[in-house]
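Asks: Residue numbers (my numbering): -6 to 280. Don't be surprised by glycine CBs; every beta carbon is placed ideally from N, CA and C. These numbers come from a predicted model, not from an experiment. Quick one: this structure, given as C-alpha cells, is what I'll be asking you about.
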C-alpha cells in the first residue's frame, strides 16, 4: 500500500509539473507579444491620434474612423450571428432527434469552422455584394463575418446548453411547464455565461479579421464616418495591414500605435464579457 501510494503521489506531481510547464510555455509568448505591442505603441497614443481622421495616406492624423468602423463591424456581426447561432443551438440540443439530418447539420458546422476566411470573403462578394446588391458596404461585411462566426456561435451555444443538468429540465416538465417555458426560463438563464463567452469570441474574431472585409467593403482612407449600413467603412485590422505593408516612409510608432489600439479594443471587450459572465454566474448560483 505504501509503495502504491508513493507511486500515485509521484505520478500526480509529475503530471502537475508537466501541465504547469505547458501552461507557462503557452502564456509566455502571449505576454511577450502584448508587452512588445504596448512598449512600442504607447508613444504613438495621443488625443489627436484617437480622435482625428487619417491623412497623407495614414502618415499623419489619427485613426478615429478605423476605431468606429471596427466597433460597427463587431456589433453588426454579433447582431446577425448570435440570434441564429443560439436558436440553432437550442434546436440541436433540445428538439432535434439523433438521425441522419442532425448528423449532417453537425458535420456541416464542423466543416464551416475550418473554411478559410478569404473563402467567406468571396462568398460575401458573390451573395451580399452582387446578388443582394448591398454593395461594398458595412452591411455586406457584417453579414459575411456573421456567416463565418455561425459555426463558433452554434458550437459554444450547444456546449453551454448541454452543460445545464438534465434534472433541471425533468423537474420543470414534471410540474407542468412546457418545453419552451423550460428552455426560456430555466435552461437559457443557466447557459447564459457560456453563451456570452461565445459572443465575445465572435466579436473578438470580427475585430481581427482582414481578408473578408477587404473583399466586401473595407476601405483604407475615408473622409468621414459611415452614415448608413450601405456605406463603406474603415477597420483597424485592414488599416494596420495597409500602413505596415503599403505605406512607405511611415513612422514605425504609428504602426505600433494602431496595433496597440486594436489590442486594447479586443482586451476591453474580453474584460467586459468576463465581468458580465461572472455576474451572471453569481446570479445563477443565488437562484
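1. Is the closest heavy atom of the ligand MG to the C-beta of residue 143 under 7 Å?
2. In this structure, how does DSSP classify residue 128 when only helix, strand and coil are distinguished?
3. On a Cα-Cα basis, can you pick out the residue from 157, 36, 166, 246 that is closest to residue 180?
4. Between the segment 30 to 49 and the segment 248 to 255, can you find at least three pairs of beta-carbon atoms closer than 8 Å?
5. When the distance is taken between beta carbons, is residue 134 closer than 8 Å to residue 66?
6. Kindly give me the distance between the Cβ atoms of residue 190 and residue 272, rounded to whole angstroms, as I take these residues to be in contact under 8 Å.
7. Tell me the start and end of each unbroken beta strand (DSSP E) in the segment 162 to 242 that is at least 3 residues and wholly inside, in chain order.
8. Following the continuous alpha helix (DSSP H) through residue 2, name the residue where it begins and the one where it ends.
9. Could you tell me the distance, in whole angstroms, from the CA atom of residue 259 to the CA atom of residue 101?
10. Between which residues of its own chain and residue 5 is the CB-CB distance below 7 Å, once the five residues before and five after are set aside?
11. On a CA-only basis, which of 223, 208, 196, 265 is nearest residue 73? Give me that one, please.
12. Specify the secondary structure class of residue 50 as computed by DSSP and reduced to three states.
13. Is residue 155 closer than 8 Å to residue 86 when the C-beta atoms are compared?
14. Less than 6 Å between C-beta atoms, sequence neighbours within five positions excluded: which residues of the same chain meet that for residue 61?
15. If you count every other CB in all the chains shown that lies within 10 Å of the CB of residue 58, and 16 or more means buried, which is it?
Replies: Put simply:
1. Only the bare structure without any ligand can be found here, which leaves the ligand MG out of the picture.
2. As a working note, residue 128 is residue 135 in the chain shown. Of the three classes helix, strand and coil, the one that applies to residue 128 here is coil, per DSSP.
3. Position 187 of the chain shown, counted from the first residue, corresponds to residue 180. Answer by Cα proximity: 157.
4. yes
5. Reading the chain shown from its first residue, position 73 is the one you call residue 66. Reading the chain shown from its first residue, position 141 is the one you call residue 134. By the CB criterion at 8 Å, residue 66 and residue 134 fall inside the cutoff.
6. Mapped onto the chain shown, residue 190 falls at position 197. Mapped onto the chain shown, residue 272 falls at position 279. Here residue 190 is actually not in contact with residue 272; their C-beta atoms are around 13 Å apart, not less than 8 Å.
7. none
8. Position 9 of the chain shown, counting from 1, holds the residue named residue 2. Here the alpha helix (DSSP H) through residue 2 covers -5 to 34.
9. The residue given as residue 259 occupies position 266 in the chain shown. The residue given as residue 101 occupies position 108 in the chain shown. C-alpha separation (whole angstroms): 29 Å.
10. Residue 5 sits at position 12 when you count from the first residue of the chain shown. Nothing listed; no residue qualifies.
11. For the purposes of this step, residue 73 is taken as residue 80 along the chain shown, with counting starting at 1. Ranking 223, 208, 196, 265 by Cα distance to residue 73 puts 196 first.
12. For the purposes of this step, residue 50 is identified with residue 57 of the chain shown, where counting begins at 1. The answer is coil: DSSP assigns residue 50 none of H, G, I, E or B.
13. The count along the chain shown starts at 1 and reaches residue 86 at position 93. The count along the chain shown starts at 1 and reaches residue 155 at position 162. Taking 8 Å as the Cβ cut-off, residue 86 and residue 155 qualify as a contacting pair.
14. In the chain shown, residue 61 corresponds to position 68, counting from 1. So the list reads 218, once near-sequence residues are dropped.
15. Position 65 of the chain shown, counted from the start, is the residue given in the question as residue 58. Residue 58 is buried by the Cβ-count criterion.
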